[in-house]
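*Asks:* My questions will all concern the structure given below.
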Amino acid sequence: MIIFSFFYSFIIIFGVLSKIILAVKLQQCDIKSSGDGAPVACTESGAVKGYKGDNKIAIFKGIPYASAQRWKEPQPAPKWKGIKITTDFGSSCAQPTNNNGFYGSEDCLFLNVFTTISSIGKTDKLSPVYIWIHGGAFTIGSAASGPWSGEGLASKGIVFVSINYRLGPLGFLAHPALSKENPKIHGNYGLLDQIFCN
């Protein structure tokens, strides 16, 4: 399992070098921060305001990258007006707890970006991108879980991105009625989420 995890991470680091993320491309904005020095960037859905980490790292947490309709392909995140504050992780996707309950939300398609402040909006020099997709057997976990802060890689010039994707029956339910509705899908909504954000 460790070999597979390392190999998968290696492919992601060296295979996704061309753009930060198609769904979220962090671009320079004409919108200025409110004077507190917090980094502001524009995505295809609207402006986001994160916060400064150590070593001049810009941190954006909980950026919506798509909207999820139950058992359907992900769609682009709705556009918003103004500046969305992205200083906290977005909701985890619905998943079971140890006591036969559930927590999380169906509105959970968020990602987090850790990058250098100076790289926001730069298109002349592209940076390598590391996309961390959490484990959990497609039933548990979130982009906020694990020991990953992203600041360490970002301080080395690597854009670190972590994502949520739909889990359990909301992400991986294969049923004949759903296949009749859309024969292309086959119950892999969580994988479609992962592909959509790339």
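Quick note on the UniProt record's numbering: the sequence shown kicks off at 1 and runs consecutively.
Cβ atoms here follow ideal geometry from the backbone N, Cα and C, with glycine treated the same way.
Because the structure is a prediction, the values reported are computed rather than measured.
1) With a threshold of 8 angstroms between beta carbons, is Leu109 in contact with chain D?
2) In three-state terms, what does DSSP make of Ala58?
3) For Gly37 and Asn112, what's the separation of their Cα atoms in angstroms?
4) Taking the alpha-carbon positions, what's the Trp132 to Val161 distance?
5) Cβ atoms of Arg166 and Ala41: under 8 angstroms apart, would you say?
6) Per DSSP, Cys93 is paired with what?
7) At what residues does the alpha helix (DSSP H) containing Ile195 begin and finish?
8) Kindly list the residues whose CB is nearer than 6 angstroms to the CB of Phe60, restricted to its own chain and excluding five residues on each side of it in sequence; keep chain order.
9) Apart from the five residues on each side of it in sequence, which residues of its chain come closer than 7 angstroms, Cβ to Cβ, to Glu106?
10) Check each candidate in Ala58, Pro64, Ser91, Lys72 and name the one with the smallest Cα separation from Lys180.
11) Under a three-way DSSP split, which group does Gly67 fall into?
12) If Gly141 sits next to Gly150, beta carbons under 8 angstroms apart, how far is it from one beta carbon to the other, in whole angstroms?
13) What span of residues does the alpha helix (DSSP H) with Ser179 cover, start to end?
14) Could you tell me the alpha carbon to alpha carbon distance between Gly157 and Ile57, rounded to whole angstroms?
15) Given Gly82, which residues of its chain have a CB within under 8 angstroms of its CB, disregarding the five upstream and five downstream residues?
*Replies:* The relevant details are as follows:
1) Going by chain labels, chain D is absent from the structure shown, which holds only one protein chain.
2) It is a strand residue.
3) If I take the Cα positions, the gap works out to 19 angstroms.
4) Between Trp132 and Val161, the C-alpha separation is close to 6 angstroms.
5) For the pair Ala41 and Arg166, the CB atoms are not nearer than the 8 angstroms cut-off.
6) In the DSSP output, where bridge partners are listed per residue, Cys93 has Ser105.
7) Where Ile195 is concerned, the enclosing alpha helix (DSSP H) stretches over 189-196.
8) Cβ neighbours of Phe60 beyond the five flanking positions: Val48, Gly50, Thr86, Val113.
9) Excluding residues within five positions, the ones whose Cβ falls inside 7 angstroms are Ala68, Arg70, Ala94, Leu170.
10) Measuring C-alpha to C-alpha distances from Lys180 to each of Ala58, Pro64, Ser91, Lys72 identifies Lys72 as the nearest.
11) Note that residue 67 is Ser in the sequence shown here, rather than Gly. In the structure shown, Ser67 adopts extended strand secondary structure according to DSSP, grouped into three states.
12) With 8 angstroms as the limit, Gly141 and Gly150 do not qualify as a contact, their Cβ atoms being about 16 angstroms apart.
13) Ser179 -> alpha helix (DSSP H) spans 176-181.
14) As the crow flies, the alpha-carbon of Gly157 is around 10 angstroms from that of Ile57.
15) Annotation for Gly82: Gly46, Ala47 place their beta carbon closer than 8 angstroms to its own, counting only its chain and skipping 5 residues before and after.
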